[in-house]
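Before any comments, here is the structure.
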(Lines of atoms letter the chains of each structure in order from A and count residues from 1; the text may use other names and numbers.)
(Lines give C-alpha, C1' and ligand atoms only; values in the text may rest on other atoms or scores of the structure.)
Protein backbone atom coordinates (compact mmCIF):
# COMPACT_ATOMS: atom_id res chain seq x y z
CA UNK A 1 0.00 0.00 0.00
CA UNK A 2 2.02 2.92 -1.30
CA UNK A 3 1.48 6.66 -1.62
CA UNK A 4 3.27 9.05 -3.96
CA UNK A 5 4.22 12.50 -2.65
CA UNK A 6 4.24 15.41 -5.10
CA UNK A 7 5.91 18.66 -4.06
CA UNK A 8 5.11 21.65 -6.26
CA UNK A 9 6.64 25.14 -6.29
CA UNK A 10 8.91 26.78 -3.75
CA UNK A 11 6.62 26.13 -0.77
CA UNK A 12 5.94 22.51 -1.70
CA UNK A 13 9.60 21.71 -2.33
CA UNK A 14 10.78 23.36 0.90
CA UNK A 15 8.11 21.48 2.88
CA UNK A 16 9.26 18.33 1.09
CA UNK A 17 12.86 18.95 2.05
CA UNK A 18 11.89 19.07 5.73
CA UNK A 19 9.33 16.24 5.48
CA UNK A 20 11.69 13.72 3.87
CA UNK A 21 14.31 14.47 6.47
CA UNK A 22 11.74 13.46 9.12
CA UNK A 23 10.59 10.38 7.14
CA UNK A 24 14.21 9.24 6.95
CA UNK A 25 14.66 9.70 10.70
CA UNK A 26 11.43 7.81 11.40
CA UNK A 27 12.46 4.79 9.32
CA UNK A 28 16.17 4.82 10.17
CA UNK A 29 17.25 5.74 6.64
CA UNK A 30 20.46 7.71 6.25
CA UNK A 31 20.85 10.76 3.93
CA UNK A 32 22.51 8.55 1.30
CA UNK A 33 19.47 6.23 1.21
CA UNK A 34 21.05 3.34 3.10
CA UNK A 35 19.21 1.74 6.03
CA UNK A 36 20.97 1.98 9.39
CA UNK A 37 22.38 -1.32 10.75
CA UNK A 38 19.95 -1.41 13.68
CA UNK A 39 16.88 -1.12 11.41
CA UNK A 40 18.26 -3.69 8.95
CA UNK A 41 18.43 -6.29 11.72
CA UNK A 42 14.77 -5.66 12.71
CA UNK A 43 13.58 -6.75 9.22
CA UNK A 44 10.81 -4.11 9.21
CA UNK A 45 9.28 -3.21 5.83
CA UNK A 46 6.98 -0.40 7.03
CA UNK A 47 9.16 2.02 5.05
CA UNK A 48 7.72 0.67 1.78
CA UNK A 49 4.71 3.03 1.95
CA UNK A 50 6.97 6.02 1.35
CA UNK A 51 10.20 4.45 0.03
CA UNK A 52 11.08 1.91 -2.65
CA UNK A 53 14.17 -0.28 -2.23
CA UNK A 54 16.58 -0.86 -5.11
CA UNK A 55 18.58 -4.04 -5.70
CA UNK A 56 21.63 -2.40 -4.11
CA UNK A 57 19.78 -1.67 -0.86
CA UNK A 58 19.25 2.02 -1.64
CA UNK A 59 15.96 3.47 -0.36
CA UNK A 60 14.41 5.99 -2.75
CA UNK A 61 11.45 8.23 -1.80
CA UNK A 62 8.24 7.62 -3.73
CA UNK A 63 8.16 11.33 -4.51
CA UNK A 64 8.59 13.91 -7.22
CA UNK A 65 9.64 17.53 -6.68
CA UNK A 66 8.63 20.07 -9.32
CA UNK A 67 9.34 23.77 -9.74
CA UNK A 68 9.21 25.96 -12.82
CA UNK A 69 12.54 27.56 -11.93
CA UNK A 70 15.61 25.67 -10.68
CA UNK A 71 16.99 27.57 -7.65
CA UNK A 72 14.99 25.87 -4.85
CA UNK A 73 15.47 22.33 -6.21
CA UNK A 74 19.14 23.10 -6.93
CA UNK A 75 19.52 23.58 -3.16
CA UNK A 76 18.38 19.95 -2.71
CA UNK A 77 20.68 18.76 -5.52
CA UNK A 78 23.61 20.24 -3.60
CA UNK A 79 22.34 19.64 -0.04
CA UNK A 80 22.89 16.82 2.48
CA UNK A 81 20.10 14.68 0.93
CA UNK A 82 21.36 14.96 -2.67
CA UNK A 83 21.98 11.18 -2.86
CA UNK A 84 18.52 10.30 -1.46
CA UNK A 85 16.54 11.33 -4.55
CA UNK A 86 17.01 9.95 -8.06
CA UNK A 87 17.83 12.82 -10.48
CA UNK A 88 14.67 12.06 -12.48
CA UNK A 89 12.56 12.86 -9.41
CA UNK A 90 13.74 16.48 -9.40
CA UNK A 91 12.01 18.30 -12.26
CA UNK A 92 12.73 21.96 -13.01
CA UNK A 93 11.89 24.39 -15.79
CA UNK A 94 13.90 27.38 -16.97
CA UNK A 95 11.65 30.28 -15.94
CA UNK A 96 9.28 30.71 -13.01
CA UNK A 97 5.56 31.50 -13.05
CA UNK A 98 6.19 35.02 -11.65
CA UNK A 99 3.36 34.61 -9.10
CA UNK A 100 0.96 34.27 -12.01
CA UNK A 101 -1.64 31.47 -12.01
CA UNK A 102 -2.05 31.67 -15.80
CA UNK A 103 1.69 31.16 -16.42
CA UNK A 104 1.73 28.13 -14.10
CA UNK A 105 -1.38 26.60 -15.66
CA UNK A 106 -1.49 27.60 -19.32
CA UNK A 107 1.97 28.59 -20.59
CA UNK A 108 5.17 27.71 -18.69
CA UNK A 109 3.53 24.84 -16.78
CA UNK A 110 2.16 23.24 -19.95
CA UNK A 111 5.72 22.82 -21.24
CA UNK A 112 6.74 20.41 -18.46
CA UNK A 113 3.44 18.74 -17.47
CA UNK A 114 4.02 15.71 -19.74
CA UNK A 115 7.51 15.16 -18.30
CA UNK A 116 6.10 15.32 -14.75
CA UNK A 117 3.27 12.88 -15.55
CA UNK A 118 5.75 10.48 -17.14
CA UNK A 119 7.91 10.51 -13.99
CA UNK A 120 4.82 9.96 -11.81
CA UNK A 121 3.78 7.05 -14.07
CA UNK A 122 7.17 5.39 -13.60
CA UNK A 123 6.90 5.67 -9.81
CA UNK A 124 3.30 4.37 -9.93
CA UNK A 125 4.36 1.34 -12.00
CA UNK A 126 6.83 0.47 -9.26
CA UNK A 127 3.99 0.26 -6.70
CA UNK A 128 2.05 -2.93 -5.95
CA UNK A 129 -1.01 -1.22 -4.45
CA UNK A 130 -0.98 2.53 -5.02
CA UNK A 131 -3.41 4.21 -2.61
CA UNK A 132 -3.16 7.79 -3.82
CA UNK A 133 -1.21 11.03 -3.87
CA UNK A 134 -0.08 13.56 -1.27
CA UNK A 135 0.30 16.98 -2.91
CA UNK A 136 2.26 19.71 -1.12
CA UNK A 137 2.00 23.27 -2.45
CA UNK A 138 0.97 26.86 -1.74
CA UNK A 139 -2.22 28.55 -2.89
CA UNK A 140 -0.62 31.97 -3.37
CA UNK A 141 2.32 31.23 -5.70
CA UNK A 142 2.08 31.01 -9.47
CA UNK A 143 3.51 27.47 -9.65
CA UNK A 144 1.81 26.29 -6.45
CA UNK A 145 -1.59 27.43 -7.68
CA UNK A 146 -1.47 27.27 -11.49
CA UNK A 147 0.71 24.24 -12.13
CA UNK A 148 -0.85 22.24 -9.26
CA UNK A 149 -4.31 22.88 -10.77
CA UNK A 150 -3.14 21.58 -14.15
CA UNK A 151 -1.48 18.57 -12.53
CA UNK A 152 -4.54 17.64 -10.45
CA UNK A 153 -6.79 17.87 -13.50
CA UNK A 154 -4.49 15.49 -15.39
CA UNK A 155 -4.15 13.13 -12.39
CA UNK A 156 -7.96 12.89 -12.22
CA UNK A 157 -7.96 11.72 -15.85
CA UNK A 158 -5.06 9.24 -15.51
CA UNK A 159 -5.72 7.97 -11.95
CA UNK A 160 -9.43 8.68 -11.51
CA UNK A 161 -10.10 6.39 -8.54
CA UNK A 162 -6.95 7.20 -6.55
CA UNK A 163 -7.26 9.57 -3.59
CA UNK A 164 -5.64 13.00 -3.76
CA UNK A 165 -4.80 14.71 -0.47
CA UNK A 166 -3.49 18.27 -0.42
CA UNK A 167 -1.25 19.88 2.18
CA UNK A 168 -1.50 23.56 1.37
CA UNK A 169 -0.11 26.87 2.56
CA UNK A 170 -2.95 29.40 2.38
CA UNK A 171 -2.09 33.11 2.09
CA UNK A 172 -2.78 35.59 4.88
CA UNK A 173 -3.31 39.36 4.50
CA UNK A 174 -0.64 40.30 7.06
CA UNK A 175 2.01 37.95 5.65
CA UNK A 176 2.04 38.36 1.88
CA UNK A 177 4.85 37.94 -0.65
CA UNK A 178 2.82 39.02 -3.69
CA UNK A 179 -0.13 41.34 -4.22
CA UNK A 180 -1.84 38.81 -6.55
CA UNK A 181 -2.03 35.99 -3.98
CA UNK A 182 -5.83 36.35 -3.49
CA UNK A 183 -6.44 35.89 -7.24
CA UNK A 184 -4.20 32.82 -7.42
CA UNK A 185 -5.97 31.35 -4.37
CA UNK A 186 -9.46 31.82 -5.78
CA UNK A 187 -8.52 30.19 -9.09
CA UNK A 188 -6.80 27.27 -7.32
CA UNK A 189 -9.70 26.80 -4.87
CA UNK A 190 -11.99 26.05 -7.82
CA UNK A 191 -9.74 23.11 -8.82
CA UNK A 192 -9.45 21.93 -5.20
CA UNK A 193 -13.23 21.70 -4.84
CA UNK A 194 -13.47 19.61 -8.01
CA UNK A 195 -10.39 17.36 -7.89
CA UNK A 196 -9.18 17.04 -4.27
CA UNK A 197 -10.52 14.41 -1.85
CA UNK A 198 -9.21 16.16 1.25
CA UNK A 199 -7.25 19.36 1.82
CA UNK A 200 -5.22 20.22 4.92
CA UNK A 201 -4.75 23.98 4.86
CA UNK A 202 -2.34 25.97 6.98
CA UNK A 203 -2.66 29.74 7.29
CA UNK A 204 0.68 31.41 6.55
CA UNK A 205 0.21 33.90 9.39
CA UNK A 206 -0.56 31.10 11.86
CA UNK A 207 2.73 29.39 10.97
CA UNK A 208 4.63 32.62 11.59
CA UNK A 209 2.91 32.96 14.99
CA UNK A 210 3.89 29.38 15.91
CA UNK A 211 7.50 30.12 14.95
CA UNK A 212 7.54 33.23 17.14
CA UNK A 213 5.64 31.87 20.15
CA UNK A 214 6.74 28.23 20.34
CA UNK A 215 10.10 28.15 18.56
CA UNK A 216 11.46 31.58 19.57
CA UNK A 217 12.22 32.51 15.97
CA UNK A 218 11.82 36.29 15.81
CA UNK A 219 11.93 36.61 12.03
CA UNK A 220 10.77 33.40 10.33
CA UNK A 221 11.92 33.09 6.72
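Residue numbers (the UniProt record's numbering): 1 to 221.
Even glycine gets a Cβ: it sits at the ideal position worked out from N, Cα and C.
The model shown is predicted, which means the values in this text are computed figures rather than measured ones.
Assuming contact is defined by CB atoms lying nearer than 7 Å, are residue 202 and residue 99 in contact in what I supplied? no
Would residue 196 and residue 164 be called neighbours here (beta carbons separated by less than 7 Å)? yes
Opposite residue 200 in the DSSP bridges: which residues? 167
Nearest-angstrom Cα separation, counted from residue 171 out to residue 148: 16 Å
Can you tell me whether residue 118 is buried or exposed, with buried defined as 16 or more other CB within 10 angstroms of its CB? exposed
Simplified DSSP state of residue 131, which is helix, strand or coil: strand
Between residue 127 and residue 30, what straight-line distance do the alpha-carbon atoms span, to the nearest angstrom? 22 Å
Any idea which residues DSSP pairs residue 136 with across the strands? 7 and 167
What number of angstroms, rounded off, separates the C-alpha of residue 190 from the C-alpha of residue 11? 20 Å
For residue 221, three-class secondary structure by DSSP: coil
Out of 62, 37 and 95, state which residue places its alpha-carbon closest to the alpha-carbon of residue 49. 62
Nearest residue (CA-CA) to residue 188, options 177, 206, 205 and 168: 168
Can you round the beta-carbon distance between residue 4 and residue 130 to whole angstroms, since I take them to be within the 8 Å contact cut? 7 Å
Under DSSP, the beta strand (DSSP E) around residue 63 begins and ends at which residues? 63-67
In the region 74-125, which residue ranges form an unbroken alpha helix (DSSP H) of at least 4 residues, counting only runs that do not cross its ends? 108-125
Outcome for residue 37 when other beta-carbon atoms lying within 10 angstroms are tallied against a minimum of 16: exposed
Taking the DSSP output, what are the residues bridged to residue 53? 59
Residue 186 - partner residues in DSSP beta bridges: For residue 186, which the question treats as bridged, DSSP gives no partner whatsoever.
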